[in-house]
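Per UniProt numbering, the sequence shown starts with residue 1, numbered consecutively.
Okay, structure first, notes after.
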Amino acid sequence: MSYIELKNINKVFNPNSNREHHALKNINLVINKGDFITIIGGNGAGKSTLFNAISGVFPLDSGSILINDVEISSTKEFERAKYISRVFQNPLDNTAPRMTVAENMALALNRGERRTLKFSKNKDNIALFENLLKNLNLGLEQKLNTEMGVLSGGQRQAIALLMATMKAPELILLDEHTAALDPKTQKKIMLLSEEKVKEKNLTALMITHNLQDALTYGNRMLLLHQGEIVRDFSEEEKKKLSVTDLYKIMVDLDE
């Protein structure tokens with residue numbers, strides 16, 4: 001039985017105008033529990049639009065989304081956030097910069113419940129936050145009372161990953177979450193991402209422009225082109241591909 005299923009998803013922006021754009025075309029996708037699927041494609045392929053559709057940012061023109069056989073297509077974005085976590089490309093989009101690390105983590109711990117910051121003062125929660133941060137080996141356990149906005153991009157992304165996985169979501173969406181980081185920090189965040197997905201047996205989708213990362217991580221890989229899923233590579237197929245092979249496949253789509 002599939003865990004998450006997208007059936008005949010379509011989305012057109014600016015319909016019946018000279019700016020009409022068919023962003024998603026008959027998207028059909030079955031996601032099994034524990035899948036870690038990397039997603040690649042050129043600019044305008046529909047990758048982020050797909051994530052927005054899953055997250056409920058806009059209504060679908062047609063099609064349906066099911067999680068555990070429950071239809072969620074009409075569910076509001078804030079309601080889906082109870083069971084779908086998303087980590088964005090820009091570290092500033094993932095956290096509240098004027099709030100402390102502890103306050104941000106308290107909100108994440110309280111996801112899906114009545115929002116309150118009293119959790120950030122709870123001694124047990126402080127101990128939990130310190131332990132989670134200590135395991136990152138970035139010295140962040142000393143910064144619980146520091147405002148998020150003064151941390152580096154890599155530090156914020158590491159905390160954002162912790163926040164997104166503190167209460168294991170049904171699905172985590174990693175939306176080019178290393179793109180704004182330097183190469184060394186990118187590697188750290190990717191290893192942390194893989195660790196969290198495996199540790200909590202999460203189901204994950206990850207958009208990336210780094211073809212090596214697309215091949216290295218996950219057990220499946222989707223290639224999007226002009227709003228369609230044109231290839232769905234299995235883990236075995238991924239292992240046989242090089243970055244050069246993958247680049248050629250993508251170039252051939254435009255010819």
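C-beta atoms are modelled at their ideal positions from N, C-alpha and C, and glycine is treated no differently.
Determine the direct distance from the alpha carbon of residue j to that of residue i, and round the result to whole angstroms.
i, j, result
"Y3", "L205", "13 Å"
"E228", "I40", "12 Å"
"S152", "L215", "28 Å"
"K47", "E195", "24 Å"
"L202", "N219", "12 Å"
"M190", "T146", "24 Å"
"M250", "E235", "18 Å"
"A164", "Y83", "10 Å"
"A108", "F78", "13 Å"
"E141", "K134", "5 Å"
"N16", "N26", "19 Å"
"F58", "E71", "16 Å"
"F123", "T100", "Before going further, note that residue 123 is Lys rather than Phe in the sequence given. Rounded to whole angstroms, K123 to T100 spans 16 Å at the Cα level."
"P183", "Y217", "16 Å"
"I207", "N68", "23 Å"
"E255", "N110", "50 Å"
Report, in whole angstroms, the separation of the C-beta atoms of residue i and residue j, which I expect to be a contact under 8 Å.
i, j, result
"M221", "T38", "5 Å"
"L162", "L138", "Not quite, the Cβ-Cβ distance comes to about 11 Å (not below 8 Å), so this is no contact."
"P97", "Q157", "13 Å between Cβ atoms; not a contact."
"L60", "N14", "16 Å between Cβ atoms; not a contact."
"T75", "G56", "6 Å"
"V12", "H21", "7 Å"
Buried or exposed, going by whether 16 or more other CB atoms sit within 10 Å of the CB of residue i?
i, result
"E199", "exposed"
"A23", "buried"
"G149", "exposed"
"L80", "According to the sequence shown, residue 80 is Arg rather than Leu. R80 comes out buried."
"R19", "exposed"
"P169", "buried"
"T49", "buried"
"V197", "buried"
"residue 262", "Here the chain covers residues 1 to 255 and nothing more, so residue 262 does not appear."
When the Cα of residue i is compared with those of the options, which residue comes out closest?
i, options, result
"Q186", "N201, V197, P169 and Q155", "Q155"
"K7", "F13, E20, S73 and N110", "S73"
"D93", "L109, I159 and E5", "I159"
"D252", "K239, I172, K238 and V230", "V230"
"K238", "F36, N28 and V197", "F36"
"V243", "I67, H209 and S62", "H209"
"M105", "E130, L50, R19 and I27", "E130"
"R86", "K167, K188, K240 and L181", "K167"
Does the Cβ-Cβ distance between residue i and residue j come in under 8 Å?
i, j, result
"L128", "L192", "no"
"L211", "L246", "yes"
"A53", "Q226", "no"
"F88", "D213", "no"
"E5", "L66", "yes"
"Q126", "L144", "It should be noted that the sequence gives Ile, not Gln, for residue 126. Yes, the Cβ-Cβ distance between I126 and L144 is below 8 Å."
Is any heavy atom in the ligand PLP found nearer than 7 Å to the beta carbon of residue i?
i, result
"I172", "The ligand PLP is not among the ligands present in this structure, which contains no ligands whatsoever."
Give a yes or no on whether 8 Å exceeds the smallest Cβ distance from residue i to chain C.
i, result
"R231", "Of the protein chains in the structure, only one exists, and it is not chain C."
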